[in-house]
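Peer 1: Input: one structure, supplied below.
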Amino acid sequence: MLFPTIEFALFFAVVFPLTWFLNDHNTAKKCFLVAASYFFYAAWRWDFTFILAASSVVNFCLALVLGRLADGRGRLGVLWLGVAFNLGVLCAFKYYNFFAASAMNLAASLGFDVAIPFFEVGLPIAISFLTFHALSYIIDVYHRKLAPTRSLVDILFYISFFPHLIAGPIVRAKAFLEQTVHRSNPKDIRLGFAVFLIVGGLFKKVLIANYLATDFVDGVFRSPTEYSRLDLLIGMYAYALEIYCDFSAYTDIAIGVANLLGYQFPQNFNQPYRALSVQDFWRRWHMTLSFWLRDYLYIPLGGNRLGKWRTYLNILITMGLGGLWHGANYTYVIWGFLHGGALVLERMLGITGEGGHRRVPTVISWFITFHFVCLTWVFFRAPSLDGAWTYLTTLVAGDAIWSTTVTPLVAAVLVLGAFTQIIPNDWFERLEVRYDRASLATKVALPFAVIFLVCVASPSGVPPFIYFQF
Amino acid sequence: MPLPDPDHVPPGPGRPQEHSLATTSIVIYATLVLLAITIPRGLVNWSRNFDPNPLQEVVLRFAQTVQLGSRQLGLDVPYAKARELFLTLTGKQDD
């Protein structure tokens, strides 16, 4: 069930009133939202709901054990058991075939004929986000940042809550569970905030991301040698905007929908292509993943506490694994290592803050960062390393230079996409405040008008969000 | 640049509404109803996508009734005209 569909509109039209109707009976409300979330998930494949349930139950039990044990080896062992369970489930579904194929290729290159059976089950949607949420819970319980909950419903609810279930944002267990203790307060609904996120998300996904993908990006990445160097350059920018508009649209709608149900989710994007350094980029792009990797991987590895070289290694490991998390393909690993390498280089050069390097003019910092990010997206988008290499070599040394297949529609959508990065952040806040003060008729007219226009200009059918595959 | 605290989520901007639940409900349902009556063919096409069954027939009949009412009142004209204009301008075609 995709957000920009009639199915979801009807689903939400039922879930919204029932949630608030049950608000005075908090446990019943949570049970209802768990059932609704499982229904939402089962719309893709009902059998994978067992993975969701099993993960929740195992992590619930492990956290209870962690809560009872005194500090020591036993407690650490239980934590490692939990980490191994969660990563084991993730690896079995997402990486087993990748590692099996890599091992067979390696063996073949050494002259051995090894046959490893593949795991033909399919990838459960949302398994990565499910793992992040589950690990956040047991690790926080281990560090005693959070007391283990005695309510299985709370954990079922935390892990399966439908707005963040499929593609985030990654909500920390502590931040979520403290919202589930008491009934929600209807005054926590920020209507203008939620409406702008939802209609803005629909606009970004249905119009910008979809048209960029179908009318331009998919073609240039499928067969880059058939396009000019100018087209490949524009294709690189177009993909940067497509993935931003696609992914940020999903999390914006998720944040808005959760808010309408009385729950607060953290911000996940902050105009990332305005970044003045790669570090700044990661503070603006998929922020909840960046902070998750920092707190649950980089810092436990030693962070910057073990000397200069160990810090660099920790950054590379964190970004390499962050890349691999996106998918079982070397392209993602290279993408992660490129970002890790850039972060290391920035540290070496003393470029760490939002403002980039003081000796480098802002516009040059922005230009270098933006183009580095766009270039690395080529690895992220290309179907294989060969595909990425072909794209980049054709971009640099292709025969055709200036001809272009960019249509007026794609050009218009590119401008709209760029606009999402240019407009000042406080515009939205001011608009939200004005919306909240507007008459009821205006409050209805605005979302209706925007969605109406989105429908008028929408392509037929809505492809899934890019991050669903992760 | 100050980093947000991931363990606590601040509420979004804007301000609490008077009668927030009632206002939110009106906005949600009025928007959905307005979309259903101004773009009725979306609902009809959607209900045709399902395998035939008694529920699907009820939903389809309801969607067709909405479409008929919308046509008689001319409520679907702005969408049809706007869509036609968009398709003409972009050279795209409906499925």
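Chains A and B are the protein sequences, given in the same order. Read in my numbering, the first sequence has 165 at position 165, and its numbers run on one by one without any break. Read in my numbering, the second sequence has 560 at position 90, and its numbers run on one by one without any break. In this text, a Cβ means the ideal position worked out from N, Cα and C, and glycines have one as well. Note that the structure is predicted; figures quoted are calculated from it, not measured.
Which residues, in chain order, does the segment 488–520 of chain B contribute to contact with chain A at a C-beta distance below 8 Å?
Peer 2: The segment 488–520 of chain B vs chain A, Cβ under 8 Å: Ser-490, Leu-491, Thr-493, Thr-494, Ser-495, Ile-496, Val-497, Ile-498, Tyr-499, Ala-500, Thr-501, Leu-502, Leu-504, Leu-505, Thr-508, Ile-509, Gly-512, Leu-513, Trp-516.
Peer 1: What in chain D is Cβ-close to Ala-9 of chain A, meaning under 7 Å?
Peer 2: Absent here is chain D; the protein component of the structure consists of chains A and B.
Peer 1: What did DSSP end up calling Ile-509 of chain B once you bin it into helix, strand or coil?
Peer 2: Start at 1 with the first residue of the second sequence, and residue 509 of chain B comes out as number 39. If DSSP states are grouped into helix, strand and coil, Ile-509 of chain B belongs with coil.
Peer 1: Using a Cβ-Cβ cut-off of 8 Å, state whether Arg-553 of chain B counts as contacting chain A.
Peer 2: As a first step, residue 553 of chain B is located in the second sequence; it is residue number 83 there, counting from the start. Judged by the 8 Å Cβ criterion, Arg-553 of chain B is in contact with chain A.
Peer 1: Any idea what DSSP makes of Asn-519 of chain B, helix, strand or coil?
Peer 2: Taking the first residue of the second sequence as position 1, residue 519 of chain B is located at position 49. Coil at Asn-519 of chain B, not helix or strand.
Peer 1: Take Leu-33 of chain A and list the residues in its own chain whose beta-carbon comes closer than 7 Å to its own, dropping the five residues that flank it on each side.
Peer 2: One-based indexing of the first sequence puts residue 33 of chain A at position 33. Cβ neighbours of Leu-33 of chain A beyond the five flanking positions: Thr-19, Phe-157, Phe-161.
Peer 1: Between A:Ala-238, A:Phe-98, A:Tyr-41, which has its C-alpha nearest Pro-124 of chain A's C-alpha?
Peer 2: As a first step, residue 124 of chain A is located in the first sequence; it is residue number 124 there, counting from the start. Cα-wise, what sits closest to Pro-124 of chain A is A:Tyr-41.
Peer 1: Spatial neighbours of Phe-129 of chain A within its chain, please: C-beta separation below 6 Å, excluding the five flanking residues on both sides.
Peer 2: Counting from one through the first sequence, the residue named residue 129 of chain A turns up at place 129. Gly-168, listed in sequence order.
Peer 1: Please report the distance separating the alpha-carbon of Phe-16 of chain A from that of Cys-245 of chain A.
Peer 2: Counting from 1 along the first sequence, the entry for residue 16 of chain A is found at position 16. Counting from 1 along the first sequence, the entry for residue 245 of chain A is found at position 245. So the two alpha carbons sit approximately 26 Å from each other.
Peer 1: Which parts of the segment 414–469 of chain A are runs of the alpha helix (DSSP H), unbroken and 4 residues or longer, counting only runs that do not cross its ends?
Peer 2: For the segment 414–469 of chain A, whole alpha helix (DSSP H) runs of length 4 or above, ordered along the chain, are 425–437, 440–456.
Peer 1: Give me the Cα-Cα distance between Phe-341 of chain A and Gly-417 of chain A, rounded to the nearest whole angstrom.
Peer 2: On the first sequence, residue 341 of chain A is found 341 positions in, with the first residue counted as 1. On the first sequence, residue 417 of chain A is found 417 positions in, with the first residue counted as 1. The identity of residue 341 of chain A in the sequence shown is Gly, whereas the question assumes Phe. Straight-line Cα distance between these residues: approximately 28 Å.
Peer 1: Which whole-angstrom value is the C-beta distance of Ala-328 of chain A and Lys-94 of chain A, which I expect to be below 8 Å?
Peer 2: Stepping through the first sequence from its first residue, residue 328 of chain A is reached at position 328. Stepping through the first sequence from its first residue, residue 94 of chain A is reached at position 94. 6 Å between Cβ atoms; contact.
Peer 1: How about Ser-485 of chain A and Ile-401 of chain A: do their beta carbons lie closer than 8 Å?
Peer 2: Lying outside 1 to 470, the shown extent of chain A, residue 485 of chain A is not represented and no answer is given.
Peer 1: Here's the rule I'm using: 16 or more other beta-carbon atoms within 10 Å means buried, otherwise exposed. How should Asp-24 of chain A be labelled?
Peer 2: The residue given as residue 24 of chain A occupies position 24 in the first sequence. Exposed: under 16 other Cβ atoms inside 10 Å.
Peer 1: Ser-540 of chain B lies in the alpha helix (DSSP H); which residues open and close that run?
Peer 2: The sequence position of residue 540 of chain B within the second sequence is 70, counting from 1. Looking at the DSSP string, the run of the alpha helix (DSSP H) that includes Ser-540 of chain B is 524–543.
Peer 1: Less than 8 Å between CB atoms is the rule here; does Asp-564 of chain B satisfy it with respect to chain A?
Peer 2: Numbered from its first residue, the second sequence carries residue 564 of chain B at position 94. Chain A contact via Cβ: present.
Peer 1: In angstroms with no decimal places, state the Cα-to-Cα distance between Lys-174 of chain A and Phe-265 of chain A.
Peer 2: Working through the first sequence from its first residue, we reach residue 174 of chain A at position 174. Working through the first sequence from its first residue, we reach residue 265 of chain A at position 265. Going from the Cα of Lys-174 of chain A to the Cα of Phe-265 of chain A covers about 12 Å.
Peer 1: So, at 6 Å on beta carbons, what are the nonlocal neighbours of Ala-209 of chain A in its own chain, with the 5 sequence-adjacent residues on each side left out?
Peer 2: As a position in the first sequence, residue 209 of chain A is number 209, starting the count at 1. Here the set comprises Glu-242, Cys-245, Asp-246.
Peer 1: Could one say the Cβ of Phe-532 of chain B lies closer than 8 Å to chain A's Cβ atoms, at least one of them?
Peer 2: On the second sequence, position 62 is the one that residue 532 of chain B refers to. No, its Cβ sits nowhere closer than 8 Å to a Cβ of chain A.
Peer 1: For the alpha helix (DSSP H) holding Asp-154 of chain A, just list the boundary residues, first then last.
Peer 2: For the purposes of this step, residue 154 of chain A is taken as the residue at position 154 of the first sequence. Its alpha helix (DSSP H) spans residues 152–160.
Peer 1: Give the residues of chain B in contact with Pro-186 of chain A, contact being defined as C-beta atoms less than 7 Å apart.
Peer 2: The count along the first sequence starts at 1 and reaches residue 186 of chain A at position 186. Within chain B, the residues near Pro-186 of chain A are Ser-490, Leu-491.
Peer 1: With 7 Å as the C-beta to C-beta threshold (strictly closer), list the residues of the segment 420–446 of chain A near chain B in chain order.
Peer 2: Here the close residues are Glu-429, Glu-432, Val-433, Asp-436, Leu-440, Lys-443, Val-444.
Peer 1: Rounded to whole angstroms, how far is the Cβ of Gly-201 of chain A from the Cβ of Gly-256 of chain A, which I believe are closer than 8 Å?
Peer 2: Taking the first sequence and counting its residues from 1, the one referred to as residue 201 of chain A is at position 201. Taking the first sequence and counting its residues from 1, the one referred to as residue 256 of chain A is at position 256. That belief holds up - the Cβ atoms of Gly-201 of chain A and Gly-256 of chain A are roughly 7 Å apart, short of 8 Å.
Peer 1: In the DSSP assignment, find the alpha helix (DSSP H) that holds Cys-374 of chain A and state where it starts and stops.
Peer 2: Start at 1 with the first residue of the first sequence, and residue 374 of chain A comes out as number 374. Taken as a continuous stretch (DSSP letters only), the alpha helix (DSSP H) holding Cys-374 of chain A covers 362–381.
Peer 1: Could one say the Cβ of Ser-460 of chain A lies closer than 8 Å to chain B's Cβ atoms, at least one of them?
Peer 2: Within the first sequence, the letter at position 460 stands for residue 460 of chain A. Output row for Ser-460 of chain A: interface = yes.
Peer 1: Would DSSP call Gly-356 of chain A helix, strand or coil?
Peer 2: One-based indexing of the first sequence puts residue 356 of chain A at position 356. In this prediction, Gly-356 of chain A scores a pLDDT of 49, lower than 50, which makes its location untrustworthy; no coordinate-derived value is stated.
Peer 1: How should Lys-29 of chain A be labelled, buried or exposed, when 16 other C-beta atoms within 10 angstroms of its C-beta is the threshold for buried?
Peer 2: Taking the first residue of the first sequence as position 1, residue 29 of chain A is located at position 29. Lys-29 of chain A should be labelled buried.
Peer 1: Looking only at its chain, what residues have a beta carbon closer than 7 Å to the beta carbon of Met-471 of chain B, apart from the 5 residues adjacent to it on each side?
Peer 2: Reading the second sequence from its first residue, position 1 is the one you call residue 471 of chain B. With a pLDDT of only 45 at Met-471 of chain B, under 50, the local geometry of the prediction cannot be trusted, and the value read off the model is given with reservation. Result list for Met-471 of chain B: empty, nothing under 7 Å.
Peer 1: Can you find a CB in chain B that lies within less than 8 Å of the CB of Ala-249 of chain A?
Peer 2: Residue 249 of chain A sits at position 249 when you count from the first residue of the first sequence. False, the Cβ-Cβ gap to chain B never drops below 8 Å.
Peer 1: Tell me which same chain residues have a C-beta within less than 8 Å of the C-beta of Ser-403 of chain A, skipping the five on either side of it?
Peer 2: Here the question's residue 403 of chain A lines up with position 403 in the first sequence. So the list reads Ser-228, Leu-230, Asp-231, once near-sequence residues are dropped.
Peer 1: Below 6 Å CB to CB, which residues in the same chain sit around Gly-561 of chain B once its five sequence neighbours on both sides are set aside?
Peer 2: Your numbering for residue 561 of chain B matches position 91 in the second sequence. The answer is none, since no qualifying residue turns up.
Peer 1: Who are the near neighbours of Pro-548 of chain B in its chain, counting only those whose CB is closer than 7 Å to its CB and skipping five residues on each side?
Peer 2: For the purposes of this step, residue 548 of chain B is taken as the residue at position 78 of the second sequence. Excluding positions up to five away in sequence, the list reads Thr-508.
Peer 1: Between the alpha carbons of Phe-132 of chain A and Leu-321 of chain A, how many angstroms are there, rounded?
Peer 2: Position 132 of the first sequence, counting from 1, holds the residue named residue 132 of chain A. Position 321 of the first sequence, counting from 1, holds the residue named residue 321 of chain A. Distance between the alpha carbons of Phe-132 of chain A and Leu-321 of chain A is about 13 Å.
Peer 1: Quick one: residues in its chain with C-beta nearer than 8 Å to the C-beta of Trp-427 of chain A, no 5 flanking neighbours on either side, listed in chain order?
Peer 2: Position 427 of the first sequence, counted from the start, is the residue given in the question as residue 427 of chain A. No residues qualify anywhere along the chain.
Peer 1: Given that Pro-17 of chain A touches chain B, what residues does it touch there, using C-beta distances under 8 Å?
Peer 2: In the first sequence, residue 17 of chain A corresponds to position 17, counting from 1. Those are Ser-495, listed as they occur along chain B.
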